[in-house]
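Numbering (our numbering), first residue to last: 5 to 424. For each residue, glycine too, the CB sits at the ideal point set by N, CA and C.
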Ligand code: HEC
Ligand code: HEC
Ligand code: HEC
């Protein structure tokens with residue numbers, strides 16, 4: 005009887021298929037708004053495979069439980085969501101149930117999208133129905149038993165999915181409310197920036213205290229931030245909209261996709277998110293960090309016609325590597341994103357774990373295919389051995405962050421070398 009009750013609980017009914025709405029019936033203002041919401045929600049990033057058609061799915065997402073592939077959300081009637089009614093789409097977005105009634109894995113962040121308003125959910129639907137249909141099917145997910153049984157997800161939802169719509173806080177201004185709506189809802193920022201429990205659900209009691217994403221550390225934000233210079237609204241707005249800030253550096257790893265998307269949306273939405281984030285509090289920062297004077301030449305200037313002097317090499321083995329290998333770019337004071345940041349300003353050196361610093365040293369920042377000016381940094385994984393990377397990391401941590409060396413460097417190096 006318990007089993008029957010459980011099945012009844014987990015059961016979701018199918019929603020009948022419809023004919024794809026024709027482009028003529030879609031409200032152009034709604035589709036335009038939906039396009040911007042799709043960027044705010046990173047639908048583009050997760051639902052596009054490398055080199056694949058936009059929104060056609062197939063991106064492999066490794067999780068601690070197995071690999072899941074995003075699905076085709078173009079309006080193709082056979083392989084996409086062309087036969088989904090608006091109601092079916094909104095149920096998927098907010099409850100994680102597909103048109104046929106199957107539970108969806110929470111790698112699709114519906115635990116955040118449940119906060120999306122009716123109007124925005126409808127605008128997203130209009131946008132997805134307006135894009136070109138693409139025929140493409142995602143490879144099957146690789147989950148071990150019993151996780152490969154979608155009904156088990158009903159119990160995950162029972163424990164962790166709260167059906168909550170966003171409620172305006174009348175004691176705060178409109179901008180703050182807009183920012184909170186976007187950060188907690190479509191932006192799903194805490195999905196990466198918070199720790200998760202053993203069942204893969206966010207620890208809501210530790211929201212924004214920092215989390216892991218694809219082998220990268222998504223730093224703590226708000227009052228637990230380890231950023232050497234505390235973030236303010238202006239810096240957050242700049243960083244989120246442009247992908248870099250002169251006192252904070254550039255967004256790398258999975259954050260690079262987030263800022264790419266945010267660079268294309270209305271700046272007022274980005275600044276609303278920044279003002280909400282800033283209201284979460286400030287980290288302590290460090291009072292002794294020197295902010296380089298952007299007009300003056302650096303210690304090792306990277307400007308036309310000036311030859312940098314050969315710096316003296318410290319006796320510390322990590323310091324010697326830094327001076328010989330890194331300093332010419334990171335003490336040249338060339339403007340971001342093309343010059344390297346003074347490492348005393350970088351959360352990668354001051355942050356909670358060595359993951360991002362080690363990723364950057366091992367793999368560098370590869371050149372991107374797009375036409376925009378992007379930073380490039382060589383990777384040193386083939387040149388430096390594990391011992392040298394560990395010496396270098398310890399040196400940077402003590403010299404530039406003034407903190408004790410991290411534990412677990414060897415593990416971070418092994419992960420960075422193994423991470424695709
Ligand atoms: C972090 C990655 C991620 C983001 C961001 C994301 N999705 Fe998904 N989405 C997925 C994955 C993975 C699945 C497949 C889940 C499964 O198979 O159970 C999925 C499934 C879906 C489905 C169900 C499709 C089907 O055929 O069953 C819809 C609809 C959908 N997403 C829409 C969206 C929209 C709209 C957005 C943006 C507001 C979005 N997704 C953002 C990862 C993501
Ligand atoms: C897919 C995971 C992911 C999502 C979603 C995400 N972030 Fe991040 N974020 C990261 C990672 C990883 C870093 C570290 C990047 C680096 O080292 O350059 C980061 C860095 C940041 C930083 C810089 C912090 C510092 O001290 O240097 C800010 C600010 C930030 N994210 C804000 C946001 C906001 C706001 C959102 C939601 C709109 C968001 N993030 C969504 C993964 C994510
Ligand atoms: C050829 C120039 C160059 C060299 C050599 C170089 N870098 Fe970089 N590095 C860059 C650029 C450009 C960026 C992107 C701008 C930025 O964020 O600092 C960057 C980014 C970084 C960042 C992220 C800073 C942040 O928070 O935004 C770290 C950490 C870093 N480099 C460490 C190193 C270390 C350690 C070495 C030596 C092993 C090194 N780099 C060598 C050019 C270089």
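Distance from residue 248 to residue 341 at the Cβ level is roughly 5 Å; contact confirmed, criterion being Cβ atoms closer than 8 Å. With a cut-off of 7 Å, the C-beta of residue 321 is classified as distant from ligand 1, since no heavy atom of the ligand falls inside that distance. Looking at 295, 327, 419, the one whose alpha-carbon comes closest to that of residue 395 is 327. Under the three-state reduction of DSSP output, residue 61 falls in the strand class. A residue is called buried once 16 or more other Cβ atoms fall within 10 Å of its Cβ, and residue 422, having fewer, is exposed.
Counted as a single uninterrupted DSSP element, the stretch harbouring residue 369 is not any beta strand (DSSP E), since DSSP gives it neither H nor E. Here the distance from the Cβ of residue 352 to the nearest heavy atom of ligand 3 is below 7 Å. Under the Cβ criterion (8 Å, minimum of three pairs), the region 277–292 does not count as touching the region 66–79. The shortest C-alpha to C-alpha distance from residue 381 to any of 360, 389, 367, 388 is the one to 367. When C-alpha distances from residue 222 are compared across 200, 155, 288, 294, the shortest belongs to 200.
Annotation for residue 330 indicates a beta carbon within 7 Å of some heavy atom of ligand 3. Residue range 157–164 is occupied by the alpha helix (DSSP H) that includes residue 160. Residue 44 places its beta carbon 8 Å or farther from that of residue 242. Boundaries for residue 271: no beta strand (DSSP E) harbours it, while the alpha helix (DSSP H) harbouring it runs 271–282, taken from the DSSP string. Of the candidates 127, 181, 130, 209, the residue whose Cα lies closest to the Cα of residue 164 is 209.
Set against 7 Å, the gap from the CB of residue 222 to the closest heavy atom of ligand 2 is smaller. With fewer than 16 other CB atoms across the displayed protein chains lying within 10 angstroms of its CB, residue 152 is exposed. Excluding residues up to 5 positions away in sequence, 30, 31, 34, 35, 38 lie with their Cβ nearer than 7 Å to the Cβ of residue 130 in the same chain. DSSP places residue 70 inside the beta strand (DSSP E), whose first and last residues are 70–73.
Rounded to the nearest whole angstrom, the C-alpha separation of residue 251 and residue 46 is 26 Å.
By the Cβ-count criterion, residue 95 is buried, with 16 or more other Cβ atoms from all chains shown falling within 10 Å of its own Cβ.
With a threshold of 7 Å, the Cβ atom of residue 315 does not count as near ligand 2, since no heavy atom of the ligand is closer than that. The Cβ atoms of residue 78 and residue 60 lie closer than 8 Å to each other. DSSP places residue 344 outside both helix and strand once states are collapsed to three, so it counts as coil. A straight line joining the alpha-carbon of residue 5 with that of residue 149 spans about 23 Å.
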